[in-house]
Every structure is written in C-alpha cells, then in structure tokens.
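Heads up: the sequence lines are chains A and B, in that order.
Its first residue numbered 41, the first sequence is counted upward by one per residue in this note's numbering.
Its first residue numbered 2, the second sequence is counted upward by one per residue in this note's numbering.
Even glycine gets a Cβ: it sits at the ideal position worked out from N, Cα and C.
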Amino acid sequence: MIAVKLKYSSKLEAEELMLEEVESFLEDAGIDFLQSRPILVSISEAFTNALTHGNKKNPEKSIQIIIRVDVSTIEVEVTDEGQGAIKVITARKPVGEFAESGRGINIIEHYAKETKLSELESGGLKVFMVFSRSKQGKRESQIQLSMEDNDGNQFE
Amino acid sequence: MEINLNETGNVTVLSLKGRLDLASGSALKERIKGIFEQEKSSVHLNLTEVEFINSSGLGALVSIMKEVRLRKGRLTLSNLANYVQEIFEITQLSHIFEIFATQEEALNSYSTVTSA
C-alpha cells in the first residue's frame with residue numbers, strides 16, 4: 041500500500057496546489073491519467089466543500105487529505121476543521137438546472153463505490169471515499185452518517 | 002488555466018487549457034465579462050485542452066451562460082474529452098449547454114442561425 045497525508049490552508053489558491061500534488065501522487069502510485077480523473081474530481085469536490093462549508097474560507101483552518109492506494113482500491117479521507125458542514129451537505133435539496141453550485145456530492149456519489157460522511161467530535165466533517173482501481177463508476181453507494189471523535193471512535 | 006482568445010466573424014472564441022475549477026472559473030468569468038463590455042455576446046469555448054473540470058468550473062459556465070442569455074446572445078462549447086463530457090452528464094447539464102464535437106461545427110452553426 042502507498043499512502044500520503046496532505047494538509048492545506050483554507051484559501052482559494054490552495055486548490056491548484058492540492059490538485060497538482062494529488063495528481064502527482066496518483067501518478068506515482070501507478071494510477072493512469074484516465075483512471076485518475078474521477079478520483080481527482082471527487083477529491084476536489086470534497087475539498088471545495090471543506091473550504092467553503094466547513095472552514096468558511098478561514099485561512100487559519102486546515103483541510104487534510106489522506107489517500108491510501110492498494111492493489112484493488114483507493115481510499116480517500118478529506119477532513120475540515122469547521123463546524124456543522126455535515127448539516128449543510130445532508131440538508132441539501134436537488135439543485136435547479138441553472139444553479140451555480142450544489143452538485144459536488146452528486147459527483148462524488150457517482151464515482152465512489154462507497155461514501156461516508158462523519159462529523160468529528162470537534163465539529164469538523166470527514167468525507168471518506170473508496171474507489172475501485174479496476175473499474176470506476178458507481179456501485180452500491182452507501183451514504184452513512186455517524187458521529188465520531190478524533191480517534192475514530194463512534195459515539196451517540 | 003490558460004485562455005487564448007480570437008475572433009471569428011461575430012463569434013469570440015476562447016480556447017481553454019488546463020483545469021477549470023474554482024479559481025480558474027472565476028478568472029474565466031472575468032475574462033468573458035470584459036468581452037460583454039465590448040458589446041459582444043456570441044461566445045464559443047473550445048475545451049480541447051481542458052484536462053479537468055469540477056462542479057465549481059461547471060458553476061462558472063452556468064453563470065456565463067445565464068449572462069449570455071440575458072444579453073440574448075449565444076454560448077457554445079466544443080471538443081470535450083470523454084471524462085469532461087461525463088461530468089456534464091452526471092450533473093445533467095449536458096442538455097442546457099450547446100455542445101459540439103468540433104469547433105468547426107459550432108462556428109458553422111452560428112452562420113446557420115444567422116441565415117435562417
């Protein structure tokens with residue numbers, strides 16, 4: 041398994057660097073260009089949500105991305121340091137065709153074979169996604185909601 | 002993202018290169034705003050060299066399209082890679098944009114509309 045942990049300040053300019061570094065890591069991990077597109081765009085969507093809904097573009101708050109590449113799967117965690125983003129995302133309604141935002145989670149759900157949103161005890165949101173290396177595309181996308189502390193222990 | 006601009010008849014053609022995301026989407030909107038200020042409202046975007054688009058980039062295109070429609074103009078897209086076209090389809094935006102396989106077909110359609 042190959043893994044990486046990346047951390048970014050919540051500034052708009054950070055997205056470009058993040059995309060470069062994630063793309064570079066995926067390439068080094070043996071994920072070819074076409075296979076990396078769905079993964080890259082899904083990570084980008086989670087990153088944008090963390091930036092805008094989670095950390096409210098506060099540059100003092102960070103976004104962490106962990107990527108683990110295995111023989112058959114790619115697992116990704118995107119975590120923010122904000123408050124209550126999970127409520128914003130789960131309360132979303134279908135957007136009108138001329139809406140300029142609100143489509144990110146739909147894209148993630150299409151590409152990831154598993155998606156899990158968790159609220160950390162600190163209030164931050166963790167988006168966990170699993171992608172298949174062999175075939176991209178939606179399998180049984182299971183959206184799970186849970187509360188967990190920073191050590192990953194679940195609580196009521 | 003790089004934006005190369007040229008005029009073909011009454012159509013302003015922008016060839017985009019790189020990633021269309023939050024930051025570059027804002028830059029594209031600003032660039033097109035400048036075109037609108039010159040009283041031009043027919044815009045064609047060539048996406049041959051767009052290697053990545055996310056929902057923020059799509060949001061920028063939707064914003065541009067709404068502005069074009071307000072001005073009773075026209076916005077066309079062409080040369081989308083399969084993985085870019087797929088993003089439009091996943092988000093059900095492929096039916097609200099005029100998407101052509103090639104720039105030539107797109108520009109020819111402006112002549113057809115004009116002469117109709």
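The beta strand (DSSP E) spanning Phe53 of chain B covers which residue range?
Ser43 to Ile54
Note down, in chain order, every chain B residue with its Cβ under 8 angstroms from the Cβ of His150 of chain A.
Simply Ile91.
Please confirm if Thr88 of chain A has its CB atom under 8 angstroms from at least one CB of chain B.
yes
Examine chain B for any beta-carbon lying closer than 8 angstroms to the beta-carbon of Glu198 of chain A, and answer yes or no.
Here chain A comprises residues numbered 41 to 196, so residue 198 of chain A is not present and cannot be evaluated.
Counting C-beta neighbours from all protein chains within 10 Å, is the total for Phe53 of chain B 16 or more, i.e. buried, or is it exposed?
buried
Among the residues of its own chain, which have a CB less than 7 angstroms from the CB of Thr113 of chain A, if the five just before and after it don't count?
Val170, Phe171, Ser172 and Arg173
Look up Arg108 of chain A in the DSSP assignment and give the residues it is bridged to.
Within the DSSP bridge table, the entry for Arg108 of chain A names A:Ala43 and A:Glu115 as partners.
Do you know how far the Cα of Val109 of chain A is from the Cα of Val69 of chain B?
43 angstroms
For Glu87 of chain B, tell me which candidate among A:Thr119, A:Ile105, A:His150 and A:Lys127 has the shortest Cα-Cα distance.
A:His150
Identify each residue in the stretch 43-57 of chain A for which the Cβ-Cβ distance to at least one residue of chain B is less than 8 angstroms, and report them in chain order.
Per Cβ criterion, the list reads Leu52, Glu53, Glu55 and Glu56.
Taking only beta-carbon atoms, is Ala24 of chain B less than 8 angstroms away from chain A?
Ala24 of chain B counts as touching chain A.
Show which residues of chain A have a CB atom less than 9 angstroms away from the CB atom of Phe53 of chain B.
Leu59, Glu63, Arg77, Leu80, Val81 and Ser84
Any idea what DSSP makes of Asn89 of chain A, helix, strand or coil?
In this structure, Asn89 of chain A counts as helix in the three-state DSSP scheme.
Just verifying my parser: in three-state terms, what is the DSSP assignment at Asn98 of chain A?
coil
Distance check for Leu52 of chain A and Lys97 of chain A, CA to CA, integer angstroms please.
Distance between the alpha carbons of Lys97 of chain A and Leu52 of chain A is about 7 angstroms.
CA-CA distance, Asn80 of chain B and Ala107 of chain B?
Taking the straight line joining both Cα atoms gives about 10 angstroms.
Check Ser95 of chain B in the structure and name its three-state DSSP category.
If DSSP states are grouped into helix, strand and coil, Ser95 of chain B belongs with coil.
Taking a cut of 7 angstroms between CB atoms, which residues from the stretch 61-73 of chain B lie near chain A?
The stretch 61-73 of chain B vs chain A, Cβ under 7 angstroms: Val63, Ser64 and Lys67.
With a CB to CB cut of under 8 angstroms and the five nearest residues on each side skipped, what residues in its chain are close to Thr92 of chain B?
Ser56 and Leu59
Which residues in the same chain as Tyr48 of chain A place their Cβ atom closer than 6 angstroms to its Cβ, once the five residues preceding and following it in sequence are excluded?
Answer for Tyr48 of chain A: Ala54, Met58 and Ile103, listed in chain order.
How would you write the range of the beta strand (DSSP E) that Leu29 of chain B sits in, first residue to last?
Per DSSP, Leu29 of chain B belongs to no beta strand (DSSP E); it is in the alpha helix (DSSP H), Leu23 to Phe37.
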